[in-house]
Structure formats: structure tokens, C-alpha cells
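Inspection log for the structure reproduced underneath, given as C-alpha cells.
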Amino acid sequence: DAGVTQSPTHLIKTRGQQVTLRCSPKSGHDTVSWYQQALGQGPQFIFQYYEEEERQRGNFPDRFSGHQFPNYSSELNVNALLLGDSALYLCASSFGGNYGYTFGSGTRLTVV
Amino acid sequence: KQEVTQIPAALSVPEGENLVLNCSFTDSAIYNLQWFRQDPGKGLTSLLLIQSSQREQTSGRLNASLDKSSGRSTLYIAASQPGDSATYLCALTGGGNKLTFGTGTQLKVEL
Chain Z
-12 DAGVTQSPTH LIKTRGQQVT LRCSPKSGHD TVSWYQQALG QGPQFIFQYY
38 EEEERQRGNF PDRFSGHQFP NYSSELNVNA LLLGDSALYL CASSFGGNYG
88 YTFGSGTRLT VV
Chain G
6 KQEVTQIPAA LSVPEGENLV LNCSFTDSAI YNLQWFRQDP GKGLTSLLLI
56 QSSQREQTSG RLNASLDKSS GRSTLYIAAS QPGDSATYLC ALTGGGNKLT
106 FGTGTQLKVE L
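As given, the protein sequences belong to chains Z and G, one line each in that order.
Start counting the first sequence at -12; every next residue gets the next number (my numbering).
Start counting the second sequence at 6; every next residue gets the next number (my numbering).
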């Protein structure tokens, strides 16, 4: 049973560019959440998708956007990258958000 | 706004010791509390999930307790091993479905 799969594993982008990160949820899960983790900090909630709609959003600017597809997979897009966007981006899936979350291995984004 | 604090921030113990990691939160209206383990540069591995109606959960050498009235959860690790070295994060869900994380406890178990 595959867990949560994220791609790519690592990414280096230049300031001002745009990036797309991808996530496939665990089999049977219908809800996908995205988190940003800066070095030495706990993950911070970006947003959550359920039934292809953004259900909840954290305190992140509109440069961060997302999408959920009919097969429950999801993308995180970040426009106009800043140096401060460098972080580990984690995807988590759940069944309705009520039975705990399963995390992927993350995408390490470096903005130079 | 829910705030989650983990103490200590770092901990170093000799192999074989029993240890307790602490997690405190400010808003007792929580739905679930989950403990995770994170190895350096890696994703999060779920260890234990405690639903709001439960008081504790156990898995192998791990035991987690939840006291909503006092705003506290503890993770007990018995007979620690070098392979337990990692950062341990507690996270909880409240009225919404998002997880609110603490900053973690970095554990090192030495031979």
C-alpha cells in the first residue's frame, strides 16, 4: 500500500520564478494538506483541499495556490519566489481529516 | 489562537533510559492529537494518534497520554535506543482540520 508520494524530492529555483510541487495521497484518502517547514521549526499549515475545493487556508499570501484533481492528487504552486520561500514542503493526506494524517517525504525547495 | 509548546527543545540520554517528552497547548477544544517522528531532512512518520475521547495510546515501547483539561500531552519512550534519535513533534487539530504543530524536541540517544 503506497503512502503519500511527493515530487520532486529537491528543487533549486531562482528568485522571481514559479514552482509547482506535486503530491499523490495515500490510497483511500480524499483530503490533501500542504505544510511549509523552515529549518528548525515545526511545519506551518498552508491550505487543505477536499473534493477539489480549498477547504481551509493558513496565513500564507496569494502567491501560494493549489489544486486538487479528481483522483485526489494535488499540486502546490508558488509564484514570484522569494528567498524566504526556501523550506521543506510537506504534503499530508487523510480520510476527511478525522483519523489522523499521513505525511510524504517532502520536497526541499531552495530559492537562490 | 492555538499555541503548542514542546519542552525540552533538545534532550540527550544514554541508551536504555526511559524518557518523557512534553507537549502543552493553550486551547483545550481539540479534536485529535498526533505524535510524529522526523529524521533529519525527511518527512514525518506518525507514531500515535489520540482522539479527543481517549486518554492514551500505546504502540510497542511508546505510550502517549492526553489531558485536555490541563492542556498537556506526554510521550513516554521506554528503554531508549540509538535508533530513537530524531525530532519528535506533537500536533493537534481543533475546530478546523489543520494540524497545529509544536517546534519539536530533538532527541539524541547515545551508546
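Just so it is clear, CB atoms sit at the ideal spot from N, CA and C, and this is done for glycine as well.
Quiz item: At a Cβ threshold of 8 Å, is G/Gln59 touching chain Z?
Solution: no
Quiz item: Less than 8 Å separating the beta-carbons of G/Thr108 and Z/Gln43?
Solution: no
Exercise. Flag G/Ser51 as yes if its beta-carbon sits less than 8 Å from any beta-carbon of chain Z, otherwise no.
Key: yes
Quiz item: Going by the beta-carbon positions, is the gap between Z/Thr(-4) and Z/Thr94 smaller than 8 Å?
Solution: yes
Quiz item: Relative to chain G, which residues along the stretch 19 to 30 of chain Z have a C-beta separation below 9 Å, given in chain order?
Solution: Ser20, Tyr22, Gln24, Gly27, Gln28, Gly29 and Pro30
Exercise. Taking Z/Glu39 as part of the beta strand (DSSP E), name the residues at either end of that continuous run.
Key: Run containing Z/Glu39: none; DSSP gives neither H nor E here.
Quiz prompt | Beta carbon of G/Asp32 nearer than 8 Å to that of G/Gln7 | solution = With respect to G/Gln7, G/Asp32 sits close: the two C-beta atoms are nearer than 8 Å.
Quiz item: Of all the CB atoms in chain G, is at least one closer than 8 Å to the CB of Z/Leu96?
Solution: no
Quiz item: For Z/Leu70, which of helix, strand or coil comes out of DSSP?
Solution: helix
Quiz item: Contact check, Z/Pro30 vs Z/Gln23 under 8 Å by CB: the rounded distance?
Solution: 7 Å
Quiz prompt | CB contact flag (Z/Gln5, Z/Asn64, <8 Å) | solution = yes
Quiz item: What does G/Phe106 touch in chain Z if you count any residue whose Cβ is under 9 Å from its own?
Solution: Tyr22, Gln24, Gln28, Gly29, Pro30, Gln31 and Phe32
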